[in-house]
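K.L.:
Counting along the sequence shown from 1, when you hit position 258 you're at 258 in the UniProt record's numbering, and nothing is skipped either side.
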Amino acid sequence: MSDNILSLNLATTRKQWGFAEAVDGCLRAGITAISPWRDQIAAIGIDEAARIVHSNGLRVTGHCRGGMFTAPDDAGRRAAIEDNFRAIDEAAALGADCLVMVVGGLPAGSRDLPGARKTVLDGLAAILPHARAAGVPIAIEPLHPMYAGDRACVNTIDQALDMCAELGDGVGVAIDVYHCWWDPNLAAAIARAGEMHCILAHHICDWLVPTRDLLLDRGMMGDGVIDLKAFRALIEAAGYHGPQEVEIFSAEDWWHRPGDEVLRTCIERFNSVC
Numbered sequence: 001m002s003d004n005i006l007s008l009n010l011a012t013t014r015k016q017w018g019f020a021e022a023v024d025g026c027l028r029a030g031i032t033a034i035s036p037w038r039d040q041i042a043a044i045g046i047d048e049a050a051r052i053v054h055s056n057g058l059r060v061t062g063h064c065r066g067g068m069f070t071a072p073d074d075a076g077r078r079a080a081i082e083d084n085f086r087a088i089d090e091a092a093a094l095g096a097d098c099l100v101m102v103v104g105g106l107p108a109g110s111r112d113l114p115g116a117r118k119t120v121l122d123g124l125a126a127i128l129p130h131a132r133a134a135g136v137p138i139a140i141e142p143l144h145p146m147y148a149g150d151r152a153c154v155n156t157i158d159q160a161l162d163m164c165a166e167l168g169d170g171v172g173v174a175i176d177v178y179h180c181w182w183d184p185n186l187a188a189a190i191a192r193a194g195e196m197h198c199i200l201a202h203h204i205c206d207w208l209v210p211t212r213d214l215l216l217d218r219g220m221m222g223d224g225v226i227d228l229k230a231f232r233a234l235i236e237a238a239g240y241h242g243p244q245e246v247e248i249f250s251a252e253d254w255w256h257r258p259g260d261e262v263l264r265t266c267i268e269r270f271n272s273v274c
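1. Could you compute how far the alpha carbon of Ala188 sits from the alpha carbon of Val177?
2. Return the CA-CA distance between Asp122 and Ala91, expressed in angstroms with no decimal places.
3. Given Gly170, which residues of its chain have a CB within under 7 Å of its CB, disregarding the five upstream and five downstream residues?
4. In whole angstroms, what is the alpha-carbon distance linking Cys153 and Gly18?
5. Can His63 and Val100 be called in contact, C-beta distance under 8 Å?
6. Mapping the DSSP letters down to three states, classify Asp39 as helix, strand or coil.
7. Helix, strand or coil for Gln16 per DSSP?
8. For Ala174, does the three-state DSSP call read helix, strand or coil?
9. Applying the 10 Å Cβ sphere with the 16-neighbour rule, what's the burial state of Thr13?
10. Out of Ala201, Glu166, Ala165, Gln159, point me to the one whose CA is closest to Asn185's CA.
11. I need the DSSP call for Met1, collapsed to helix, strand or coil.
12. Determine the burial state of His54: buried for a count of at least 16 other Cβ atoms within 10 Å of its Cβ, exposed for fewer.
13. Pull up the CB-CB distance for Ala191 and Ile199, whole angstroms please, since I reckon it's below 8 Å.
14. Would you kindly check if the distance between the Cβ of Gly222 and the Cβ of Leu208 is under 8 Å?
15. Counting only runs of 4+ residues fully inside the region 141-217, write out the alpha helix (DSSP H) ranges in chain order.
16. Pick out whichever of Ala50, Trp181, Thr265, Phe69 has its Cα sitting closest to the Cα of Ala230.
17. Report all residues from its chain with a CB closer than 6 Å to the CB of Arg77; omit the five preceding and five following residues, and keep chain order.
18. Output the boundary residues of the alpha helix (DSSP H) element that contains Asn56.
19. Return the residue from the list Ala148, Gln40, Arg86 that minimises the CA-CA distance to Gly115.
20. Using DSSP with H/G/I as helix, E/B as strand and the rest coil, what is Gly123?
21. Report the residue from Val273, Gly242, Ser272, Thr265 whose alpha carbon sits nearest the alpha carbon of Ala29.
22. In terms of residues, what are the limits of the alpha helix (DSSP H) holding Arg269?
23. Which same chain residues, not among the five before or five after Ala134, have their C-beta less than 8 Å away from its C-beta?
24. Would Asn271 be called buried (16 or more neighbouring beta carbons within 10 Å of its own) or exposed?
25. When you compare each of Ala79, Arg117, Gly67, Gly95 to Arg51 by their alpha carbons, which one comes out closest?
26. Could you give the first and the last residue of the continuous beta strand (DSSP E) run that contains Arg65?
27. Does the distance from the C-beta atom of Ile31 to that of Leu8 stay below 8 Å?
28. Grab me the residues of Met1's own chain with a C-beta within less than 6 Å of its C-beta, minus the 5 sequence neighbours each way, in chain order.
29. Nearest to Gln16 by CA position, among Val273, Gly259, Cys274, is which residue?
As structure tokens, this is what we get:
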């Protein structure tokens, strides 16, 4: 049975609402799946956040985010691993489907991209036993190559899947249309992810032309150039029929609109263009 429903990544309304207000807005709109960010959880406390989630029967499609393994020294890398342990514990308390990994870019002063990817692999291997024990799947999210230097040195689905193959059980991928739509190997990569049973999350938004800010100007579905229906068809052909999670960073547009309007638009576009 398909459970292909709309989930709201709470970054989409982060300027309008805190965690509790966002949950209330989702419930008013009939949205019962969310994906919060760690700063939003920290602001209210993990115990209260978990109480709100469980008392309202919410599905947490992901917890954002772990990763950032690529510190320039051993102390920084150890600190990142310890922070990821805490993120795993938070995800477990929320009953999250996965912990999303934004793995980190080049360490400060480095030009060694293969070395950064090896650091990421080592970091994932270090946290994986704790994640398995907690029952929290780890979702590597490949980010667009424009972020290779500062945010994520894993930039294609295939790169993430290569790591999954090396790490084994408990690791998969979060496939975000914003980051992957351009990939000439997209269809084959998504099919491979399906064959590996590695698709843990699917994030949606749109790519605007022109894009005013590469981080903070994502588009509402239908306002850009991504063929969302074709992308969804690839995901479903690979066997994933889970939630589609709307994640929109929009400093000059959607973050300025009332939260209830944003949610109404998300639902309308999800039903019409996704």
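We put the beta carbon where it would ideally sit given N, CA and C, even for glycine.
P.N.:
Per the coordinate set shown:
1. Rounded to whole angstroms, Ala188 to Val177 spans 15 Å at the Cα level.
2. 21 Å
3. Leu128, Ala131, Arg132, Pro137, Ile138.
4. 30 Å
5. yes
6. Note: Asp39 maps to helix in three-state DSSP.
7. Note: Gln16 maps to coil in three-state DSSP.
8. strand
9. buried
10. Residue nearest to Asn185 within the set Ala201, Glu166, Ala165, Gln159 is Gln159 (criterion: CA-CA distance).
11. Confidence at Met1 is low in this model, with a pLDDT of 32, below 50, so its placement is unreliable and no value can be given for it.
12. exposed
13. That belief does not hold up - the Cβ atoms of Ala191 and Ile199 are roughly 11 Å apart, past 8 Å.
14. no
15. 157-167, 177-180, 186-195
16. It is Trp181.
17. Ala71
18. Asn56 -> no alpha helix (DSSP H), and no H or E assigned at all.
19. Ala148
20. Gly123: helix per DSSP, three-state reduction.
21. Thr265
22. Its alpha helix (DSSP H) spans residues 259-273.
23. Excluding residues within five positions, the ones whose Cβ falls inside 8 Å are Ile88, Asp89, Ala91, Ala92.
24. By the 10 Å Cβ count, Asn271 comes out exposed.
25. Gly95
26. 63-67
27. yes
28. Interpretation of Met1 is limited by its pLDDT of 32, a score under 50 that renders its predicted location unreliable; the figure taken from the coordinates is listed afterwards. Once the five neighbours on either side are set aside, Met1 has no close Cβ partner at all.
29. Gly259
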